[in-house]
Structures are given as structure tokens and as C-alpha cells.
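S.K.:
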Amino acid sequence: MAGGFTAGCYNGINTARMVNVNKQRRLPKAGTIEIAPSILSADFARLADEIAVIESAGVKIVHLDVMDGHFVPNITIGPPVIAKLRKYSNLVFDSHLMISEPEKYAERFVEAGADHVTFHIEAADESKRLIDRLHELGATAGICLNPETPVDSIKKVAPLCDMVLVMTVHPGFGAQEFMPEAAKKVIQVREIVGPDIRVEVDGGIDPQMTPIVVSYGADTLVAGNAIFSKPDRVAAINAIRQACKKTKN
Ligand code: DX5
Ligand code: ZN
């Protein structure tokens with residue numbers, strides 16, 4: 013497969029290490045609805061198998077929740093786990109960094125095999141710089157806002173991203189209840205970014221909530237509990253696909 017190499021300097025740190033980016037494994041272009049299963053509710057002892065099952069269901073993206081115990085009150089996985097998983101999957105790795113100081117670590121996630129890196133506006137000092145850096149590294153870039161964060165805070169940088177992530181729960185845990193008011197922010201985000209940038213929703217998404225968020229303009233649906241709490245993951249993915257068809261415009 014084709015690869016590209018980039019190197020540079022960031023935050024005064026010499027980043028001469030080469031980052032090999034697989035250019036063929038990219039976030040799908042906007043215009044389709046994609047389900048991005050979140051492994052947070054998967055069996056962590058069998059992650060590669062869990063990802064293989066969702067891959068067999070035809071999804072293109074897997075959502076990897078990275079938590080540092082500081083930005084959010086929970087700890088999950090980091091670059092070493094992503095690097096190991098990379099050997100077992102060709103899915104687009106959508107890394108959701110729920111971490112403080114994302115600028116310090118983003119490059120390591122790309123090196124490990126993340127294709128798309130989302131960071132939180134609440135955690136980053138210089139969002140534009142980080143988005144540019146992710147693009148230099150050959151990754152796509154995403155910005156995320158918490159339920160209480162106003163859409164205005166991302167107005168300038170959202171159009172520079174490849175995907176904007178709207179949290180529909182407070183980040184940190186899976187299987188929480190969907191927050192309808194937070195989801196409505198998708199409408200404003202879609203107005204800002206237009207049709208060519210993906211808008212992702214994350215938290216409490218299941219077949220019941222799917223038509224609501226899709227009608228607001230979301231096109232990338234993260235679902236953890238709704239898929240991995242079910243014995244048949246493929247059927248659970250198909251149930252969300254069916255629910256997309258119920259969307260009224
Ligand atoms: C929450 C995570 C989500 C979570 C979604 O902090 O960012 O990705 O896994 O899980 P469900 O679908 O269970 O709400
Ligand atoms: Zn997430």
C-alpha cells in the first residue's frame with residue numbers, strides 16, 4: 013500500500029522522526045452516513061477480535077476512546093495498544109483524545125497508526141496549530157466540544173477540520189444517557205461547516221436516537237454500548253443502519 017513520509021518541528025520540539033501514513037486508509041469523504049463503533053464497551057481482552065467482527069459488518073471506521081484520568085475521570089488506552097491493533101485491522105482508526113495537552117501527544121498517536129485524531133477544544137492551547145500539525149503528519153483532524161461548551165468556541169477552527177465531534181454525553185464513560193440539548197448543537201455545527209466536513213456524534217447513540225441526530229445533520233455515528241453490549245454485534249450495527257432510513261428531513 014502507498015505510504016507517505018513527513019517530518020517537522022512542533023512546539024520547539026524537533027520531530028525529525030518519520031511518520032508513515034497510509035494514504036489509502038482515509039476518513040470517508042463527507043456525503044455518506046458512517047457508523048463508528050466505539051470499543052469502549054468492547055471486551056478489552058479481545059480487542060482485535062472485536063474489531064474484526066465490526067469490520068466484517070462492513071463499517072469503515074472504528075472509534076478509539078483515549079482517556080488520561082486527568083481531562084476525564086477515567087483511563088483507557090494509549091499509542092502502544094493502537095500500534096498493536098493496527099497490525100490486525102484496516103479500518104480507519106478514529107482516535108478520540110480525551111486528554112490534557114493533546115499537542116504533546118498527538119504525533120505519537122499518528123505514529124502508532126491513528127488515521128484521524130480528534131482533540132477537545134477545552135484541552136488545547138492552540139487548536140489551529142494542532143490541526144495544521146496533524147495535517148502535516150498526514151492524518152485527518154477533528155475537534156470536539158463537550159455538552160456545555162458553546163459552538164461559538166469552535167467557529168474559527170471547525171472549517172479547518174475534516175470532522176467535528178459533538179459530545180452527546182459528558183465524556184469519560186460509555187453507556188450514558190443521550191443528552192438531547194447537546195445533540196441540537198449539531199444543527200449549528202452543520203451550518204458552520206457546510207456539507208463537506210463530517211459531523212460526528214458521540215454518546216448514547218442507539219437505533220432510537222439515530223434518526224434524531226441524522227435529521228440534525230450528523231453523518232458519523234459513534235456507538236459503543238448499543239453495539240458491544242449486544243451478543244450479536246453485526247445485528248446491532250444493522251439495527252442502527254435501519255434506523256438511519258427512518259430519518260425525516
Ligand atoms: C465517552 C466516549 C464515547 C463512548 C460512547 O466518553 O467518548 O465514545 O464510548 O459510548 P456509548 O455509545 O456507550 O455512549
Ligand atoms: Zn468517543
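Per the numbering used here: the sequence shown = residues 13 to 261.
We put the CB at the ideal spot given by N, CA and C, even for glycine.
1. Need the endpoints of the alpha helix (DSSP H) that H147 sits in, please.
2. Mapping DSSP to helix, strand and coil, what is S68?
3. For the beta strand (DSSP E) containing A153, list its first residue and its last residue.
4. K197: buried (16+ other C-beta within 10 angstroms of its C-beta) or exposed?
5. Would you report the Cα separation of N86 and H182, rounded to the nearest angstrom?
6. Please confirm if the stretch 210 to 219 is in contact with the stretch 51 to 68, defined as three or more CB-CB distances below 8 Å between the two stretches.
7. Mapping the DSSP letters down to three states, classify L103 as helix, strand or coil.
8. At a cut-off of 7 Å, is L52 close to the ligand DX5 when judged by its beta-carbon and the heavy atoms of the ligand?
9. Start and end of the beta strand (DSSP E) containing P40?
10. Three-state secondary structure (DSSP) at I111?
11. Compute the Euclidean distance between the alpha carbons of F56 and E148, then round it to the nearest angstrom.
12. Looking at C-alpha atoms only, which residue of A195, G206, P91 is the closest neighbour of V299?
13. Report the option in K258, K242, E138 whose CA atom is closest to the CA atom of V225.
14. Which residue comes first and which comes last in the alpha helix (DSSP H) that contains E203?
15. Between I8 and the ligand DX5, is the CB less than 7 Å from at least one heavy atom?
16. Between which residues of its own chain and A248 is the CB-CB distance below 7 Å, once the five residues before and five after are set aside?
17. Does the beta carbon of V65 fall short of 7 Å from some heavy atom of the ligand ZN?
18. First and last residue of the alpha helix (DSSP H) that includes T95?
19. By Cβ distance below 6 Å, which residues in the same chain neighbour G81 in space, the five residues on each side in sequence not counted?
20. If you drop the 5 nearest sequence neighbours on each side, which residues of the same chain put their C-beta closer than 6 Å to that of H132?
21. Taking 7 Å as the line, does the beta carbon of M221 fall inside it for any heavy atom of the ligand SAH?
22. Excluding five sequence neighbours on each side, which residues of the same chain lie with their C-beta closer than 8 Å to the C-beta of G24?
23. Would you list, in sequence order, the uninterrupted alpha helix (DSSP H) runs of no fewer than 4 residues that lie entirely inside the stretch 218 to 246?
24. Pull the bridge partners of T88 from the DSSP assignment, please.
25. In three-state DSSP terms, what is D80?
M.R.: Looking at the atomic coordinates:
1. The residue you call residue 147 lines up with position 135 of the sequence shown. Residues 139 to 148.
2. Position 56 of the sequence shown holds residue 68. Here S68 sits in helix by DSSP.
3. Locating residue 153 in the sequence shown gives position 141, where the first residue counts as 1. 152 to 157 is the extent of the beta strand (DSSP E) around A153.
4. In the sequence shown, residue 197 corresponds to position 185, counting from 1. When all chains shown are included, K197 counts as buried.
5. Taking the first residue of the sequence shown as 1, we reach residue 86 at position 74. Taking the first residue of the sequence shown as 1, we reach residue 182 at position 170. Approximately 12 Å between the Cα atoms of the pair.
6. no
7. Residue numbering aside, residue 103 sits at position 91 when the sequence shown is read from its first letter. DSSP places L103 in coil when its eight states are reduced to three.
8. As a position in the sequence shown, residue 52 is number 40, starting the count at 1. Yes, the ligand DX5 has a heavy atom inside 7 Å of this Cβ.
9. Here the question's residue 40 lines up with position 28 in the sequence shown. Where P40 is concerned, there is no enclosing beta strand (DSSP E), given that its DSSP letter is neither H nor E.
10. As a position in the sequence shown, residue 111 is number 99, starting the count at 1. If DSSP states are grouped into helix, strand and coil, I111 belongs with coil.
11. On the sequence shown, position 44 is the one that residue 56 refers to. On the sequence shown, position 136 is the one that residue 148 refers to. Rounded to the nearest angstrom, the two C-alpha atoms are 32 Å apart.
12. The first residue shown for the chain is 13 and the last is 261, placing residue 299 beyond what the model contains.
13. Counted from its first residue, the sequence shown places residue 225 at position 213. For the residues K258, K242, E138, the minimum Cα distance to V225 belongs to K258.
14. Locating residue 203 in the sequence shown gives position 191, where the first residue counts as 1. First-last of the alpha helix (DSSP H) with E203: 197 to 205.
15. In the structure as shown, the chain begins at 13 and stops at 261. Residue 8 is therefore absent and cannot be evaluated.
16. In the sequence shown, residue 248 corresponds to position 236, counting from 1. Hits under 7 Å: A238, I239, K242.
17. Locating residue 65 in the sequence shown gives position 53, where the first residue counts as 1. No.
18. Here residue 95 corresponds to residue number 83 of the sequence shown, with the count starting at 1. For the record, residue 95 in the displayed sequence is Ala; it is not Thr. First-last of the alpha helix (DSSP H) with A95: 91 to 98.
19. If you number the sequence shown from 1, residue 81 lands on position 69. Closer than 6 Å at the Cβ level, and outside the excluded window around G81, lie I87.
20. Within the sequence shown, residue 132 is the residue found at index 120, counting from 1. Cβ neighbours of H132 beyond the five flanking positions: C156.
21. Summarising the ligand content, the structure contains the ligand DX5 and the ligand ZN and does not contain the ligand SAH.
22. On the sequence shown, position 12 is the one that residue 24 refers to. Low per-residue confidence applies at G24: pLDDT is 45, beneath 50, and the placement is therefore not dependable enough to give any value.
23. 222 to 228, 237 to 240
24. By 1-based counting over the sequence shown, the position of residue 88 is 76. Looking at the DSSP assignment, T88 forms no beta bridge with any residue, so it has no partner.
25. The residue labelled residue 80 in the question sits at position 68 within the sequence shown. Looking at D80 - three-state DSSP - the assignment turns out to be strand.
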